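**Q**
Protein chains: 2
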Amino acid sequence: MVIAKKQINKENLLAQGVQLLMNQGYHGTGLKEILDAVQVPKGSFYNYFPSKESYAAEVIQHYIEPFIQQFDGYLQQPGLDGLSALESYFNELIFGLEAAEFKGGCLLGNLMGEIGDTSELCRKSLQLAVYRYQSLLAVGLKKGQTEGRIRLDKSPEDMAALLVNAWQGAMLRMKIEQSVEPLKKCIKDLLGDYFRL
Amino acid sequence: MVIAKKQINKENLLAQGVQLLMNQGYHGTGLKEILDAVQVPKGSFYNYFPSKESYAAEVIQHYIEPFIQQFDGYLQQPGLDGLSALESYFNELIFGLEAAEFKGGCLLGNLMGEIGDTSELCRKSLQLAVYRYQSLLAVGLKKGQTEGRIRLDKSPEDMAALLVNAWQGAMLRMKIEQSVEPLKKCIKDLLGDYFRL
DNA sequence: GTTAAAAAAACGACCAGTCGTCTTATTTTG
DNA sequence: CAAAATAAGACGACTGGTCGTTTTTTTAAC
Chain A
2 MVIAKKQINK ENLLAQGVQL LMNQGYHGTG LKEILDAVQV PKGSFYNYFP
52 SKESYAAEVI QHYIEPFIQQ FDGYLQQPGL DGLSALESYF NELIFGLEAA
102 EFKGGCLLGN LMGEIGDTSE LCRKSLQLAV YRYQSLLAVG LKKGQTEGRI
152 RLDKSPEDMA ALLVNAWQGA MLRMKIEQSV EPLKKCIKDL LGDYFRL
Chain B
2 MVIAKKQINK ENLLAQGVQL LMNQGYHGTG LKEILDAVQV PKGSFYNYFP
52 SKESYAAEVI QHYIEPFIQQ FDGYLQQPGL DGLSALESYF NELIFGLEAA
102 EFKGGCLLGN LMGEIGDTSE LCRKSLQLAV YRYQSLLAVG LKKGQTEGRI
152 RLDKSPEDMA ALLVNAWQGA MLRMKIEQSV EPLKKCIKDL LGDYFRL
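Sequences listed follow chains A and B, in order. Per our numbering, the first sequence starts with residue 2, numbered consecutively. Per our numbering, the second sequence starts with residue 2, numbered consecutively.
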């Protein structure tokens, strides 16, 4: 099958884009670098994507999916309450970022800052990705509320928004401090204190 | 005096750099664009700065100064307690960002994401700028503590760090939502609730 | 007239995107 | 069914232009 090969190429392009765009940014990454890495000829790129901008918009969606799956895994785990699921999930993230030596951070945060208000296409894609992510975190927080572990006087959505925002900021701090300490403090402040019943 | 002209040129370059780097990012802004804007010939750039990277590192410091002055103004204002100083300051920021139609956001946040872990020079500059800013916010929080308006069981430094992080995240959200709502919620959650006694 | 600062010109490398060409599928026709 | 016609996909060379930086020339200061 040739159609399969095409899907594989596209998948490879997206996966490589996640890595390169996260580490070097949108304007800091050339198409050639991406194409060389996945051994796709320059001329073929535009058979897969109409433009670099549209490609980046797809990369954004491709990036967030695993995170949603990962947290959803914790959420579905029987015998694990919502608050513990959140804690376990973020601890795993922190562990991974430490192992990766704080490289890259979050593609969403990086691109929001770099092109969040200059590329309409990417802005919409970022909006959707963050919304999906935040909504899922809100589910975990709501579960924690019904289980009596999380305060009830704040809406899950509002708490999720604060959690996402503080986490994004902590990721930026991680990058310049070269340490996961900001991440740990962020989770401790919110999940370990502010959100707690 | 010719030395004065040189200082003016350098100042103009830095001021223009703040605007362009904030709105378009590091890799998204060419030297030519900056130089054209302040009418400095391209060949002259390296009489002012050794490299683009070093220039950006200086732009970062040039960016944060007014914010420090602005908040310090509120802090010095007699009859204004620490918590109110923080609230007034951030409300003024929000007002300004709304008037500017959410453009740019925060140079520090944007550059932390884009080049915070690829340019060592800028990393150090960002580190210093954030540290200075956060320390000043901590002074305001500490003042609020002695005045009995802010909780005492958390250190001013830790609260300032959380405030900076959440604010950075809220700025990113502002850019993609094209709304100051995230900023308002961020300040309300932290200054209006979590930090309060 | 000598020295140092300023600016023009030039540098190779790279940018996103397009070109015509060649190869492979798909469809049409007998 | 097979052969011919057509369309779609793959591809590397190339486009004009811009990148950050360096070299060379011009200008200004003393």
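All C-beta atoms, glycine included, are put in the ideal place defined by N, C-alpha and C. If you're wondering where the values come from, they're calculated on a predicted model, not measured in any experiment.
Please identify the residue among 109/B, 33/B, 165/B whose C-alpha is closest to the C-alpha of residue 135/B.
**A** Position 134 of the second sequence, counting from 1, holds the residue named residue 135/B. Of the candidates 109/B, 33/B, 165/B, the one whose C-alpha sits nearest the C-alpha of residue 135/B is 165/B.
**Q** Tell me whether residue 197/B sits in a helix, a strand or coil according to DSSP, three-state version.
**A** Taking the first residue of the second sequence as 1, we reach residue 197/B at position 196. It is a strand residue.
**Q** For residue 190/B, which of 61/A, 158/A, 145/A has the nearest alpha-carbon?
**A** If you number the second sequence from 1, residue 190/B lands on position 189. The shortest C-alpha separation from residue 190/B is found at 158/A.
**Q** Closer than 6 Å by C-beta to residue 56/B: which residues in its own chain qualify, once you throw out the five before and the five after it? Chain order, please.
**A** Position 55 of the second sequence, counted from the start, is the residue given in the question as residue 56/B. 50, listed in sequence order.
**Q** Short of 9 Å Cβ to Cβ, which residues in the segment 23 to 36 of chain B face chain A?
**A** Cβ contacts with chain A come from 24, 25, 26, 27, 28, 29, 30.
**Q** Ignore the nearest five residues each way along the sequence and tell me which others in residue 183/A's own chain have a CB closer than 6 Å to its CB.
**A** Translated into the one-based positions of the first sequence, residue 183/A becomes position 182. The residues are 171, 174, 175.
**Q** Going straight from the alpha carbon of residue 127/A to that of residue 114/B, what length do you get?
**A** As a working mapping, residue 127/A is identified with position 126 in the first sequence. As a working mapping, residue 114/B is identified with position 113 in the second sequence. Each residue's alpha carbon lies about 15 Å from the other.
**Q** Counting only Cβ pairs nearer than 8 Å, list the residues of chain A close to residue 162/B.
**A** Here the question's residue 162/B lines up with position 161 in the second sequence. Ordered by position in chain A, the residues that pass the 8 Å Cβ test against residue 162/B are 174, 183, 186.
**Q** DSSP puts residue 151/B in a beta bridge; with which residues?
**A** On the second sequence, position 150 is the one that residue 151/B refers to. Answer is 197/B.
**Q** Do the segment 16 to 28 of chain B and the segment 104 to 114 of chain B make contact, defined as three or more Cβ pairs closer than 8 Å?
**A** Yes: the two stretches touch, three or more of their Cβ pairs being nearer than 8 Å.
**Q** Give me the Cβ distance between residue 62/B and residue 39/B, rounded to the nearest whole Å; I'm assuming they're in contact under 8 Å.
**A** The residue you call residue 62/B lines up with position 61 of the second sequence. The residue you call residue 39/B lines up with position 38 of the second sequence. That belief does not hold up - the Cβ atoms of residue 62/B and residue 39/B are roughly 18 Å apart, past 8 Å.
**Q** Hey, how far is the Cα of residue 199/B from the Cα of residue 138/A?
**A** With chain B covering only 2 through 198, there is no way to say anything about residue 199/B.
**Q** Can you check the segment 3 to 49 of chain A for any beta strand (DSSP E) of at least 3 residues that lies completely inside it and give the ranges in chain order?
**A** Taking only runs of at least 3 residues, no beta strand (DSSP E) segment lies wholly in the segment 3 to 49 of chain A.
**Q** What is the DSSP secondary structure of residue 123/A, reduced to helix, strand or coil?
**A** In the first sequence, counting from the first residue as 1, residue 123/A sits at position 122. Note: residue 123/A maps to helix in three-state DSSP.
**Q** Using the Cβ count rule (16 or more neighbours within 10 Å means buried), how would you classify residue 116/A?
**A** Counting from one through the first sequence, the residue named residue 116/A turns up at place 115. The residue is buried, with at least 16 neighbouring Cβ atoms inside 10 Å.
**Q** Output the boundary residues of the alpha helix (DSSP H) element that contains residue 103/B.
**A** Taking the first residue of the second sequence as 1, we reach residue 103/B at position 102. Note, residue 103/B: premise wrong, no alpha helix (DSSP H); not H, not E.
**Q** Tell me the DSSP secondary structure of residue 117/A in three-state form.
**A** By one-based count along the first sequence, residue 117/A stands at place 116. Coil at residue 117/A, not helix or strand.
**Q** In whole angstroms, what is the alpha-carbon distance linking residue 1/A and residue 58/B?
**A** Chain A is shown only over 2 to 198; residue 1/A falls outside these bounds and no answer can be derived.
**Q** Closest by CA to residue 178/A, which one among 156/B, 132/B, 77/B?
**A** Position 177 of the first sequence, counted from the start, is the residue given in the question as residue 178/A. Among 156/B, 132/B, 77/B, the Cα nearest to that of residue 178/A belongs to 132/B.
**Q** Quick check: the Cα distance between residue 65/A and residue 168/A, rounded to an integer number of angstroms?
**A** As a first step, residue 65/A is located in the first sequence; it is residue number 64 there, counting from the start. As a first step, residue 168/A is located in the first sequence; it is residue number 167 there, counting from the start. One C-alpha to the other measures close to 15 Å.
**Q** Might you give, ordered along the chain, the residues of its own chain that have their beta carbon closer than 6 Å to the beta carbon of residue 90/B, omitting 5 neighbours on each side?
**A** Locating residue 90/B in the second sequence gives position 89, where the first residue counts as 1. Same-chain partners within the cutoff: 72, 75.
**Q** Considering residue 60/B, what are the terminal residues of the alpha helix (DSSP H) in which it resides?
**A** Mapped onto the second sequence, residue 60/B falls at position 59. From DSSP, the alpha helix (DSSP H) with residue 60/B extends over 53 to 77.
**Q** Are the C-beta of residue 2/A and some C-beta of chain B separated by less than 8 Å?
**A** As a working note, residue 2/A is residue 1 in the first sequence. Because residue 2/A carries a pLDDT of 44, less than 50, the predicted location of this residue cannot be relied on, and the following value inherits that uncertainty. No, residue 2/A lies away from the interface with chain B (no Cβ there is under 8 Å from its Cβ).
**Q** Using a Cβ-Cβ cut-off of less than 7 Å, give me the residues of the segment 89 to 109 of chain B that come near chain A, in sequence order.
**A** Correct list: 103, 104, 106.
**Q** Can you name, in chain order, every residue of its own chain whose Cβ lies under 7 Å from the Cβ of residue 19/B, other than the five neighbours on each side?
**A** Position 18 of the second sequence, counted from the start, is the residue given in the question as residue 19/B. So the qualifying residues of the chain are 60, 63, 64, 108.
**Q** Residue 67/B: which of 162/B, 194/B, 130/B sits nearest, CA to CA?
**A** Indexing the second sequence from 1 puts residue 67/B at position 66. It is 130/B.
**Q** Taking the C-alpha atoms as reference points, what is the distance between residue 34/B and residue 35/A?
**A** Here residue 34/B refers to the residue found at position 33 of the second sequence. Here residue 35/A refers to the residue found at position 34 of the first sequence. Those two C-alpha atoms are separated by around 27 Å.
**Q** If you follow the alpha helix (DSSP H) that residue 190/B is in, where does it begin and where does it stop?
**A** Taking the first residue of the second sequence as position 1, residue 190/B is located at position 189. Start and end: 182 to 190.
**Q** Count the other C-beta atoms from every protein chain shown that fall within 10 angstroms of the C-beta of residue 9/A, then say buried if there are 16 or more, exposed otherwise.
**A** Indexing the first sequence from 1 puts residue 9/A at position 8. Classification for residue 9/A: exposed.
**Q** List the residues of chain B whose Cβ lies closer than 7 Å to the Cβ of residue 114/A, in chain order.
**A** Here residue 114/A is taken as the residue at index 113 of the first sequence, counted from 1. Within chain B, the residues near residue 114/A are 106, 110, 111, 114, 115, 173.
**Q** Use the C-beta contact count for residue 12/B: other C-beta atoms within 10 angstroms, 16 or more gives buried, fewer gives exposed.
**A** Translated into the one-based positions of the second sequence, residue 12/B becomes position 11. Exposed, because fewer than 16 other Cβ atoms sit within 10 Å of the Cβ of residue 12/B.
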